[in-house]
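Student: Encoded as structure tokens, here's the structure I'll be asking about.
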Amino acid sequence: MSWWCSFFTYLGFLVFLNFLYDTFISPLQLLYHKWLKVLSKEISLVEKYGKWAAITGSTDGIGKALARQLARRGFNIVLIARNEEKLKRVAEEIENDFGVEVYKVQADFSHGKPIYEKLFEDLAKKPIKLLVNNVGIANSTPASVETFSSEHLWDMINVNIAAATQLSRHFVDLWHRKGIKGCIVNISSALELKPCPTGAVYGASKAYLRSFTLALQHEAKPLGIRVQLVTPAFVVTRMCNYSAFLMKGNLFTPQVDQYAEWAVESIGRTPYTTGYFWHGILITFIKITPWRLSNKLAVIIASYLTNGINWRQKLATL
């Protein structure tokens, strides 16, 4: 075999090994931290990051479920959300169920820059060392970009991109100045991986969050600050209520409490995770699918999930 044949054989083998590592590290780590964590003898999250954890978008869905899981582990919780009535209700639930202290912060991230000065003042009242950037706005149903109002798209940009960016910047700066070894968890989406017709703006906002988070990891690491990217696929939450199929749940679409129970085990322990074992397997197939094919599959899946609404007619144009 000539030298160049050997070179490309070894190169292909190295690329394949890198793909296997990148693909399977998340589900394997999830299995380890959920079922074999007793062997590692790691200290608890509260011992690592103190008594206060803050979660944005924490009155519904994944944010609320993570808040409950962290409270179960002994954290006092800072709930950050826009609806005052929901904030009060969820705070009472967590206090009654887990006996921890809950601090409520009302903030509507869709309003953009003007909210942050007061928000940072409110957050300064508690010694937060664990931040979960969960807040997000998705499509009400899969649809093309021209069907949404300009206001909705600005809301999506302000909430999905600006909120995590500004809060991450604020806490990295704050913790660095005070010598605090904190942890930031940014909740993204499997739509970060490929362009997504019928969810173009939402998917693009999550692609931004992925790029931002993976870069921030390296910037914050020398400061002793952990930054984690969490990439869930479908979970049974209000974001999926356009689809009766998804709301039933299945192996690859877990109930939100089930998802959060898995995901919280990885906090502070791994830089990247899907948060749920079967999402790790599902994302393997997303990664190996060429983006041109995944574009067509996105339209077919959207058509199926919404009982054919609008999208079957568009298949012919792809």
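Mind the numbering: the sequence shown is residues 1 to 318 in the UniProt record's numbering, read in order.
Don't be surprised by glycine CBs; every beta carbon is placed ideally from N, CA and C.
#1: Does the ligand NAP have even one heavy atom less than 7 Å from the beta-carbon of Q228?
#2: Run the CB neighbour count on A67, radius 10 Å, all protein chains shown included, and call it buried at 16 or more, exposed below.
#3: Can you tell me whether DSSP reads N133 as helix, strand or coil?
#4: Mapping the DSSP letters down to three states, classify T213 as helix, strand or coil.
#5: Ignore the nearest five residues each way along the sequence and tell me which others in L223's own chain have a CB closer than 6 Å to its CB.
#6: Less than 8 Å separating the beta-carbons of Q217 and I267?
#7: Would you say the stretch 285-295 touches the stretch 254-263, given that touching needs at least three Cβ pairs under 8 Å?
#8: Note down, in chain order, each residue of its chain lying with its Cβ closer than 8 Å to the Cβ of K51, except the 5 sequence neighbours on either side.
#9: With a Cβ-Cβ cutoff of 8 Å, do T141 and Y242 count as a contact?
#10: Less than 8 Å between the beta carbons of T231 and T274, yes or no?
#11: What does the alpha-carbon distance come out to for the pair V135 and I80?
#12: For T253, which of helix, strand or coil comes out of DSSP?
#13: Determine the DSSP secondary structure at A190, reduced to helix, strand or coil.
#14: If you run the structure through DSSP and keep just helix, strand and coil, what is K104?
#15: Ends of the beta strand (DSSP E) at T56?
#16: To the nearest angstrom, how far is the alpha carbon of A233 from that of D173?
Tutor: The structure says:
#1: Summarising the ligand content, the structure contains no ligands, and the ligand NAP is consequently not present.
#2: On the sequence shown, position 67 is the one that residue 67 refers to. Counting Cβ neighbours within 10 Å, A67 comes out buried, since at least 16 surround it.
#3: The residue you call residue 133 lines up with position 133 of the sequence shown. N133: strand per DSSP, three-state reduction.
#4: Translated into positions along the sequence shown, residue 213 becomes position 213. DSSP places T213 in helix when its eight states are reduced to three.
#5: If you number the sequence shown from 1, residue 223 lands on position 223. Within the same chain, L223 has close Cβ partners H176.
#6: Within the sequence shown, the letter at position 217 stands for residue 217. Within the sequence shown, the letter at position 267 stands for residue 267. Cβ distance not < 8 Å, so Q217 and I267 don't count as in contact.
#7: no
#8: Within the sequence shown, the letter at position 51 stands for residue 51. Counting only Cβ-Cβ distances below 8 Å, and skipping sequence neighbours, we find G74, F75, N76, P127.
#9: Along the sequence shown, one-based indexing puts residue 141 at 141. Along the sequence shown, one-based indexing puts residue 242 at 242. The answer is yes: Cβ separation under 8 Å.
#10: Along the sequence shown, read from residue 1 onward, the residue named residue 231 stands at position 231. Along the sequence shown, read from residue 1 onward, the residue named residue 274 stands at position 274. In contact: T231 and T274 (Cβ atoms closer than 8 Å).
#11: As a first step, residue 135 must be located in the sequence shown, where it is residue number 135. As a first step, residue 80 must be located in the sequence shown, where it is residue number 80. Computed Cα separation, rounded: 9 Å.
#12: On the sequence shown, residue 253 is found 253 positions in, with the first residue counted as 1. Here T253 carries a strand assignment [DSSP, helix/strand/coil].
#13: Translated into positions along the sequence shown, residue 190 becomes position 190. DSSP places A190 in helix when its eight states are reduced to three.
#14: Within the sequence shown, residue 104 is the residue found at index 104, counting from 1. Of the three classes helix, strand and coil, the one that applies to K104 here is strand, per DSSP.
#15: Your numbering for residue 56 matches position 56 in the sequence shown. Per DSSP, T56 belongs to the beta strand (DSSP E) from 52-56.
#16: Position 233 of the sequence shown, counting from 1, holds the residue named residue 233. Position 173 of the sequence shown, counting from 1, holds the residue named residue 173. About 31 Å.
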